[in-house]
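Heads up, the thing below is written out as structure tokens.
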Amino acid sequence: MKYVLSAFVVLLSTTLFAAEAPYAGDITVADLLKNYAEFSEEYEDYSPSENDLNTIKALQGKQALVFLGTWCHDSKREVPRFLKLLDMAKVQLGSLRLVAVGYDKLDPNGLAKKHDLRYTPTIIISDDGTELTRMIEKPQQSIARDLTGQDQIQ
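Under mature numbering (1 follows the signal peptide of the UniProt record, and there is no 0), read the sequence shown as residues -18 to -1, 1 to 136, first letter to last.
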């Protein structure tokens, strides 16, 4: 009986620890929307306001670095909305980089640590290497208003 119980405990523990870790590393917009249904569903369902579409145009030519968790409910909501805003407003960023992090908020290239990532999603807007704005977890006003910081971005 001890043997059977021990075997059961071992099997149960290996099953629990065999759970697949979330993806961590760079990911394209196409792969994010193709491989993660909750992201693509939010992208399709989101309808930004005309005001937000006009506001987000201030990001034209800027750089965006987006840290997300494929496992994170805030990322599943906010990242697709940000991407849809950019697409619908036809904003051409200087660069857009999506970096998925694990539960530990780390990525293989060390970018999350370099940018002091604590919460997901975190969207950082920069211009010529200078950070202009940062949205952490969810917007205080709206994604467009939080990320453009009209008084900061010219």
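The C-beta atom is built at its ideal place from N, Cα and C for all residues, glycine as well.
CA-to-CA distance, residue j to residue i, given in whole angstroms
i, j, result
"D86", "K95", "11 Å"
"D98", "T10", "22 Å"
"Q134", "D110", "Note on Q134: pLDDT 47, under 50, position unreliable in the model; no value is reported."
"K39", "A71", "7 Å"
"A46", "E119", "15 Å"
"K66", "L35", "10 Å"
"R79", "N33", "25 Å"
"T52", "R127", "25 Å"
"Q122", "L129", "10 Å"
"L14", "Y101", "19 Å"
"S29", "F64", "11 Å"
"Q74", "E2", "35 Å"
"E43", "S124", "For clarity, residue 43 is Gly in the given sequence; the question names Glu instead. Rounded to whole angstroms, G43 to S124 spans 20 Å at the Cα level."
"E57", "G76", "For the sequence presented, residue 57 should be read as Ser rather than Glu. Spanning the two alpha carbons is a distance of roughly 22 Å."
"P4", "L68", "26 Å"
"A19", "A12", "12 Å"
"F49", "S108", "14 Å"
6 Å Cβ shell around residue i - same chain, five flanking residues per side excluded
i, result
"P62", "F21, E24 and Y25"
"F(-2)", "Reliability of the predicted coordinates at F(-2) is poor, the pLDDT of 49 falling under 50, and the value obtained from them is presented with this limitation in mind. Here the set comprises nothing."
"L41", "V73"
Chain-order list of residues whose beta-carbon lies under 8 Å from that of residue i (same chain, five-residue window excluded)
i, result
"P90", "A6 and G7"
"T37", "S124, A126, R127, T130 and Q132"
Cβ-based burial, residue i [other Cβ within 10 Å; buried from 16]
i, result
"E60", "buried"
CB contact flag (residue i, residue j, <9 Å)
i, j, result
"I106", "E113", "yes"
Own chain residues within Cβ distance below 7 Å of residue i, not counting five before or after
i, result
"residue 137", "Outside the displayed span of the chain (-18 to 136) sits residue 137, for which this structure offers no information."
"G131", "L114 and T115"
"G84", "A3, P4 and A6"
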